[in-house]
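Colleague: Numbering (our numbering), first residue to last: 20 to 160.
Backbone N, C-alpha and C fix where the C-beta goes; we use that ideal spot for every residue, glycine too.
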């Protein structure tokens, strides 16, 4: 039931986001805020809770999942060099799938210990906060 609840909440969150999104394009700071909110929504699930409460709490990150993916894709598209947006979004999707596969592979041997996803979330948050310096403009010769 947990994946179904998460997915249903994602569908509702995506519909709400589509209806309520601002008229301006998302900025990188929106991605950081959504990512932080998404990670924070998982924190209550780290404690031992009854199954019904876990099911209810899973609705929160589920509702943010589709808006987070949407804003991430739009941000990557906006920041990619001209002509490379498809490749950039593909790399993002591949990184997400690699993270899911790695987390799933580690979940069994670690007995469902929450240190792995928590450390992954911290690592992703740090990566989101890193800013690269803009490339220097080429000078004509």
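Starting from the C-beta of residue 80, find all residues in its chain whose C-beta is less than 6 angstroms away, skip the five residues before and the five after it, and write them out in chain order.
Modeller: If we look at residue 80 and ignore the five residues flanking it on each side, its Cβ neighbours are 57, 60, 61.
Colleague: DSSP state of residue 83, grouped into three classes?
Modeller: Three-state result, residue 83: helix.
Colleague: Could you check what DSSP says for residue 92 in three-state terms: helix, strand or coil?
Modeller: Helix.
Colleague: In the DSSP assignment, the alpha helix (DSSP H) including residue 29 goes from what residue to what residue?
Modeller: Its alpha helix (DSSP H) spans residues 21 to 39.
Colleague: Helix, strand or coil for residue 66? Go by DSSP, reduced to three states.
Modeller: Correct three-state label for residue 66: coil.
Colleague: With DSSP collapsed to three states, give me the class of residue 100.
Modeller: Correct three-state label for residue 100: coil.
Colleague: Leaving aside the five residues before and after residue 85 along the sequence, list all residues of the same chain whose C-beta is less than 8 angstroms from its C-beta, in chain order.
Modeller: Closer than 8 angstroms at Cβ, skipping near neighbours: 29, 30, 32, 33, 36.
Colleague: Quick check on residue 120: does DSSP put it in helix, strand or coil?
Modeller: It is helical.
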